[in-house]
Structure formats: structure tokens, C-alpha cells
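Quick note on the working numbering: the sequence shown kicks off at 142 and runs consecutively.
Glycine included, each C-beta is placed from N, C-alpha and C at the ideal position.
First up is the structure itself, then whatever we jot down about it.
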Amino acid sequence: MKQLRQLFPSACIATACAAAAPGALASDIEDLRGEIEELRSQLDATVTLLEEQGSGTDHGHSADASTLGGYGELHYNNLDSGSELDFHRFVLFFGHRFSDRIRFASELELEHALAEDTDNGSGPGAVELEQAVVEFDITDQFRVRGGLFLVPVGILNETHEPPTFYGAERNPVEKNIIPTTWWEGGAGLAGELAPGLAYDVAVTSGLKVPTTGSSAYKIRNGRQKVAEASAESLAYTAKLAWTGLPGVELAGSVQYQEDITQGAKDVSATLYEVHAVINQGPFGLRALYAAWNLDGNDPKASGRNKQNGWYVEPSWKPAPKVGLFARYSAWDNEAGSTADTENKQTNVGVNFWPHEQVVLKADLQHQGGAGDDDGFNLGVGYYF
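What follows is the structure, given as C-alpha cells:
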């Protein structure tokens with residue numbers, strides 16, 4: 142009662158109103174109305190100020206402001222191929238907003254905890270610049286960007302912070318076929334064609350696959366990582382994504398490169414990828430298919446003129462902090478061969494989020510087909 146009277150000194154509260162004279166009561170009501178209107182005006186002014194400060198930012202940060210973030214993950218793998226403990230990734234994010242419409246984003250990554258200079262280049266880790274891009278908002282529905290950025294393809298390539306996906310390790314299809322994590326340097330356009338229908342196109346540096354040895358024409362070995370990258374043949378990528386229903390993304394990407402060897406053998410390559418991500422209540426589903434077609438006699442002779450893979454991953458959260466999943470993956474980097482070279486892998490496991498940005502992971506793994514690597518994986522990851 143005392144605190145309310147201090148807030149509204151002219152108002153009569155509860156039993157005090159009952160004892161007030163009619164004239165005094167009417168006067169107090171009028172005074173109270175005036176104070177309410179004044180509070181309403183102050184509240185409107187505060188809301189307007191907050192909207193003005195946050196209008197040019199993704200998270201309410203003002204223009205001409207910098208942002209620090211990052212993510213990381215530690216893995217323990219106990220498999221037939223061996224047991225290993227590895228701080229796989231430590232990534233720092235630095236961003237800056239120059240104005241309401243111009244911003245910069247970058248990621249600096251240390252892989253495997255140690256980057257060591259050795260005579261034969263066999264150090265266990267690497268320091269890599271994963272992103273360094275400037276983006277310009279031309280309109281609310283159209284933006285352009287230039288620099289080093291993630292190729293717009295697949296599910297994990299653009300969003301791969303550990304708490305956002307199931308399993309201690311990233312799925313083998315997006316690792317060996319797409320190949321995640323994959324970044325290039327160049328320029329791109331992105332925007333919305335209609336509500337819930339977005340596009341992303343880019344012209345970038347491309348892959349440079351080896352043409353001899355055991356890794357010849359293997360897609361993952363072609364990543365140049367924009368380190369004095371040969372740019373004799375550029376890559377052209379387009380992505381279309383539909384998010385017209387809450388919790389649903391249906392998307393597809395295509396990339397064409399005139400010469401995936403950068404002048405060594407004149408081998409054109411085309412990537413096709415489609416995926417679905419569905420989250421409805423406690424149930425989730427991820428599914429993806431990706432395929433490369435390489436044109437040329439050399440890749441055809443090794444069966445690597447066709448490389449493809451797919452996976453399906455249902456999940457269920459019996460509690461907000463606990464998620465169970467199962468994933469079946471099949472991929473083949475020599476799908477053009479008559480031999481049985483397909484790899485198959487099944488993972489089942491659990492994620493536990495003590496905080497929405499921190500995750501503990503455990504999964505069992507069975508690998509069959511051309512490969513054979515059974516066991517279990519444990520992981521801890523975070524992002525901020």
C-alpha cells in the first residue's frame with residue numbers, strides 16, 4: 142500500500158478510497174488519469190528509441206559496433222580404425238557493423254589444437270580463415286556481398302555450430318560429397334523472391350582436384366581454401382530455399398565449374414543437391430541428396446566421374462534438453478565404377494543441452510559396405 146501510494150501519490154488505494162469524500166475521489170481519479178497518460182507517453186518514447194537503435198542490426202546492436210563470438214568442439218572417437226581424442230575445432234568470430242546497411246563478418250579457425258611447421262608438412266593442425274566477407278543491404282529484400290564466404294549448398298556448410306546438429310562428428314555425406322566445410326572467394330547476391338522463398342547466387346573461385354594418385358578427382362581434395370587459389374576456372378552456384386511453413390525448409394543448390402582441374406585436364410563438373418529440414422514439436426527430420434557429375438575420360442576411367450551420397454536423420458526430443466537421433470548415410474566417391482565402392486554408415490545417439498548454446502553428445506557407429514569402422518563417438522561443443 143505504501144509503495145503504491147509513493148508511485149501514485151494522488152490516487153486513493155483500497156480502503157483509503159472508501160473513506161474519501163465524493164468530490165475528493167473524483168479529483169483523485171482525474172489526477173490518476175493524468176499520471177497514466179504521462180507514463181504512457183514515456184513508454185511510447187522509450188519503445189521508439191529502442192526501435193531506432195535496433196533497426197539496422199540483427200540482434201538490436203547499434204550501427205558502428207563490433208561483435209565477438211565463436212564455437213568449438215572436442216571429440217573422442219573409439220573406432221576399429223583407432224582411438225583418438227581431438228579438440229577438432231576452435232573458431233573465433235569477429236564482426237563489425239559499419240552502418241545500418243553495411244556489415245563485415247569473419248571466422249578464424251584453429252583445427253586440431255596445434256598448427257606446427259614441420260619439414261614435410263605433416264603437422265596435425267591448421268590455422269584457416271573460414272570467412273571474411275562484407276555484405277551490403279541494397280533493399281530489405283536484396284543484398285550483395287564480396288570476400289571469402291561459405292558456399293551456399295547443403296545443410297551443414299553454412300550452419301555447423303556443434304549445438305545445431307546431432308552426432309559428435311559431422312555426417313559423412315556432407316563431408317565427402319559436398320564437401321563441408323567449403324568456402325570460396327568471390328561475390329554473391331541474395332534476397333527474397335516472395336515471402337518464404339529465398340535465393341542465393343554466387344560467382345567464386347572453384348575446386349582444383351588432383352589428377353594423379355589415390356586422391357585423383359576426389360572432390361574433398363579439391364578445396365583450395367582461397368590460399369593463392371588458382372582461378373583459371375570460376376564456379377557458379379545458385380540456391381533456392383522455401384521456408385513457407387514454420388519449422389520447414391526445403392532447398393536445392395546447383396554448381397557448375399568449367400574445369401575442376403584448373404587447366405590441367407579440362408574436366409567440367411556439376412553439383413546437384415537437395416535437402417529438407419523439418420522440425421515439428423519434439424520431432425525432427427533431416428534428409429539430403431548430393432551428386433557430382435565430372436565430364437572427361439580420366440575421371441571416368443577411375444569411376445570418379447560420378448560421386449554421390451544421401452542420408453536421412455529422424456530425431457525426437459523427449460525433453461527440451463534431450464534429443465535422440467538415428468542417421469543412415471550412404472556415399473560413393475567412385476559411383477561411376479562397376480565395382481561395389483559404396484560406403485554405408487549408421488549412427489544412433491543422444492544430444493544433451495545443459496544450455497541452448499552448449500551440447501554434450503554420444504553416438505554409436507556402424508560402418509559397412511566398402512568401409513568398416515565400428516565403435517562410438519563422444520563430443521562436447523559450444524557456440525556464443
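Rounded separation between residue i and residue j - CA only
i	j	result
His253	Leu215	9 angstroms
Tyr217	Ser224	7 angstroms
Gln272	Leu233	11 angstroms
Val418	Val367	30 angstroms
Gly509	Pro336	43 angstroms
Ala376	Val395	10 angstroms
Ser374	Val415	25 angstroms
Asp513	Asp221	8 angstroms
Arg468	Pro461	20 angstroms
Ala511	Lys359	16 angstroms
Asn446	Asp481	15 angstroms
Glu125	Val489	The structure shown does not extend to residue 125, since the chain is modelled only from 142 to 525, so the question has no answer here.
Ser263	Ile279	45 angstroms
Tyr97	Glu178	The structure shown does not extend to residue 97, since the chain is modelled only from 142 through 525, so no value can be given for it.
Lys406	Gly363	14 angstroms
Ala256	Gly308	26 angstroms
Pro459	Leu465	8 angstroms
Environment of residue i [buried if 16+ CB atoms lie within 10 Å]
i	result
Trp323	buried
His200	Low confidence applies here, because His200 scores a pLDDT of 41, under 50, leaving its location unreliable and the question unanswered by this model.
Gln421	exposed
Val463	exposed
Leu334	exposed
Asp473	buried
Leu435	buried
Phe424	exposed
Thr353	exposed
Leu581	Look at the range of the chain in this structure, 142 to 525, and you will see that residue 581 is not part of it.
Asp206	Residue identity check: residue 206 is Ala in the sequence provided, not Asp. Label assigned to Ala206: exposed.
Arg174	exposed
Ser346	buried
Pro387	exposed
His507	exposed
Leu505	exposed
Ala246	buried
Gln282	exposed
Asn438	exposed
Pro495	exposed
Glu248	buried
Asp260	exposed
Cβ-Cβ distance between residue i and residue j below 8 angstroms
i	j	result
Ala343	Ala328	yes
Tyr524	Glu299	no
Gln448	Ser470	no
Ile296	Leu348	no
Glu310	Asn518	yes
Arg284	Gly236	no
Phe277	Ile318	no
Pro320	Gln498	no
Rounded Cβ spacing between residue i and residue j (contact assumed at less than 8 angstroms)
i	j	result
Ala382	Ala392	4 angstroms
Val274	Arg286	5 angstroms
Gly477	Gly444	4 angstroms
Tyr212	Gly522	7 angstroms
### Query
Do three or more CB pairs link the stretch 284–292 to the stretch 425–443 at distances below 8 angstroms?
Counting Cβ pairs under 8 angstroms, fewer than three are found: no touch.
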